[in-house]
Amino acid sequence: MKTCWHWFSVAAMLVGFFVVSCGDGVQEETLTLRYWQAPSTANPYITDAYKDLDAAALVLEPLANYSEDGRLIPRLAAAIPTVDNGGIPQDLTAITWDLKPGILWSDGTPFTAHDAVFTWRYKCSIPDFDCDADSEAIRTMEAVDDLTLEISFKYPVGYPYDEFVGFDGGKYILQKSQFEGCLGEASRAAQECRQANLMPIGTGPYKVVDFQFDEDAGTSVVSYERNENFRVSDQPFFSAVTIQGGGSAEDAVQAVLTGEADYAWRVQVLPETLQELQDADHVSVAFAFSSLVERLVINLTNPDPELGARRSEWSPDDPNPHPFLSDPSVREALSLAIDRDRIVDDFYGPTGQPVCNIITRPAAYASPNNDDCLVQDIELAMDVLDDAGWLPGQDGIRERDGVRLSVLYQTSTNDARQGTQELIQEWWEAIGVETVLKHTDASVFFSSDDNPDSAFRFFADVQMFADISTPDHFVTEQIPWAGNGWDANNIPRWSNEEYDALFAESLTTPLGPGRQQQVIRMNDLLVQNYVLIPLVDRASVVPFRSDLKGIRSNALDSEMWNIHEWYRE
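Counting with this note's numbering, you get residues 15 to 583 for the letters of the sequence shown.
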């Protein structure tokens, strides 16, 4: 979802599939990418969704990317600042980025450090964007000169590679001259800003030439052409790219199998479909494990429609507790009833592993304390509910003090998720929890606007999706509510003083065993309080045509991070 702070080292987080080679110059053809979620913008600062960030990644760039094995790779920066090279002082209170000289925007004007400073100012001006939480450590950001960016911190920062590094949470640099009239309310409202959000001027390998989004149909077509001012003269190799957005993961797979598309983005498919892909001579499949965990998210606030504007709404003065999921015994019973091995066997095969942690990689950060969840225990789940006073009524559904255990359980639409829902419904009803299922088109479910069916608004009791979570997601400041436009990561609406204090302490802890133990403790607080119920550690699955080369599938950054290197053999 939104803002992932890479505040701990991600080195060795993923050993992904990659092919590195050289093309033979510009190929006058269009590369077709199929996304089962429809991009709706190419501005990374007004979105939370990876499908939009990928649409932006062909055009806009960060100072540095994460490679598929977790290394930092300079992009707009000349080098990665370190203590050894003088880019970071010994007291860890600043970072200085030297920029590559001669970089041009696609309109031919020079890229400078002033664009980066403006982008930070722009981001912090967006209504409902909590800049204090997102960039809490930053004291100042200054363009020392056109090619030098200096960021100073309020305190020593153990991992200072967050601002303008990677791709999630708004990491790309915008052109000052295009967006300087788009500060504050104008960022979304002004006509010229709406156009800029769809067609930003960038330094990347391509430029947007057309962006068609049909909100009602949940589809989009984004057309790109080669950026003739890209700094590598013989790249990118394709003359044009088209992103076709919308439909389902199964639709995207079929488009690759039939040759209608060259590439399908991160599909979640049943084992038999994966086997069909692997058996096809003209298709290759890249998949690798990162820390992408399919999980149940528990709503700790009350989603009762009768509450009106207070529905699923947390606030500092009124946490609005859920009528029964605020009881940890109920949450524990829901987890105990689940057979994670069955879910993996039926719907994931080799692309999934049963899991009891939210943070699974790097291995040094994975908790050894939660493996009990790997064994389903229906009898113990019923005992836990009995002991907490939740007893079966005449219809078999448990209740206490007039409150029935009736759950609305929602997710996005695809075969694996609907199959998982049906299994979990069966297990929960076996322990006396009524379970109503709902699924919503992915383009709506993962949207970041004020849509009542979105995961952020969370008008349900339990929901299911996959995400790569970092500990900053679950601090109190990250709770979505009206005060921040529901644009934050703590979707369960969990507020815990110990967790918040531990996260604050981790910000100044250097890399090493101390930080690893802090991460493990934060993970344990989440899963042992059953705020999140981990199900499956998922691989990122990317099918593409076998003659498409240069792909370095990357679960740590945008899948488009090296699209300038892709070519047709």
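We put the CB at the ideal spot given by N, CA and C, even for glycine.
- Where Asp481 is concerned, the enclosing beta strand (DSSP E) starts and stops at Val476 to Ile482.
- Closest in C-alpha terms to Pro219, from the list Ala518, Leu90 and Cys370, comes Leu90.
- Contact between the segment 452–459 and the segment 46–55 is present: three or more C-beta pairs spanning the two stretches fall below 8 Å.
- In this structure, the beta-carbon distance from Val545 to Ile352 does not fall below 7 Å.
- Between Phe303 and Ala553 the beta-carbon gap is near 5 Å, inside 8 Å, which marks them as a contact.
- Met396 sits in a helix when the DSSP states are folded into three classes.
- Exposed is the label assigned to Val389, since fewer than 16 other Cβ atoms lie within 10 Å of its Cβ.
- Rounded to whole angstroms, the Cβ separation of Arg375 and Phe473 is 32 Å, and the two are not in contact under 8 Å.
- Met574 has no beta-bridge partner at all, per DSSP.
- Residues Pro170 of the same chain have their beta carbon placed closer than 8 Å to that of Asp105, with the five preceding and five following residues left out of the count.
- Taken atom to atom, the span from the alpha-carbon of Pro485 to that of Met536 is near 7 Å.
- Shown here, Trp495 sits in coil according to DSSP, grouped into three states, outside any helix or strand.
- Taking a 10 Å sphere around the C-beta of Ala502, we find 16 or more other C-beta atoms and assign the residue as buried.
- Under the 10 Å beta carbon count, Ser560 is surrounded by fewer than 16 other beta carbons and is classified as exposed.
- Under a 10 Å Cβ-count criterion, Val222 is classified as buried, with 16 or more other Cβ atoms of the shown protein chains found around its own Cβ.
- Listed in chain order, the non-local C-beta contacts of Val281 below 6 Å within the same chain comprise Ala263, Ala266, Val267 and Val555, local neighbours out to five positions each way being set aside.
- Closest in alpha carbon position to Asp62, among Cys196, Leu271 and Ser461, is Ser461.
- Boundaries cannot be given for Gly410, as no beta strand (DSSP E) includes it and DSSP labels it neither H nor E.
- Annotation: Asp331 to Glu308 spans about 32 Å, alpha carbon to alpha carbon.
- Secondary structure of Val158 (DSSP, three-state): strand.
- Shown here for Ser381: same chain residues with a beta carbon closer than 7 Å to its own, the five before and five after excluded, namely Asn371, Ile534, Asn537 and Asp538 in chain order.
- The alpha-carbon of Asp276 is positioned some 12 Å away from that of Glu43.
- Closest in C-alpha terms to Leu212, from the list Gln424, Tyr238 and Glu194, comes Tyr238.
- The three-state secondary structure of Ile438, taken from DSSP, is helix.
- Contact check between the segment 291–303 and the segment 59–73: fewer than three CB pairs, one atom from each, fall below 8 Å, which does not count as touching.
- Distance check between Gly261 and each of Asp224, Leu339, Val235 and Ser201 places Val235 closest, using alpha-carbon atoms only.
- Secondary structure of Lys221 (DSSP, three-state): strand.
- Taken atom to atom, the span from the alpha-carbon of Leu570 to that of Gly416 is near 47 Å.
- In the DSSP assignment, Tyr64 falls within the alpha helix (DSSP H) that extends over Tyr64 to Ala71.
- It is roughly 21 Å from the alpha-carbon of Gly216 to the alpha-carbon of Thr46.
- With a beta-carbon spacing of about 5 Å, Ser343 and Val398 fall inside the 8 Å limit used to define contacts.
- Phe125 and Ile102 have their C-alpha atoms roughly 23 Å apart.
- In the structure shown, Lys190 adopts helical secondary structure according to DSSP, grouped into three states.
- In this structure, Phe301 is the residue among Asp514, Phe301, Ile187 and Ala151 with its C-alpha nearest to the C-alpha of Arg566.
- The residue from Asn79, Ala395, Phe517 and Leu394 with its alpha-carbon nearest to that of Gly184 is Asn79.
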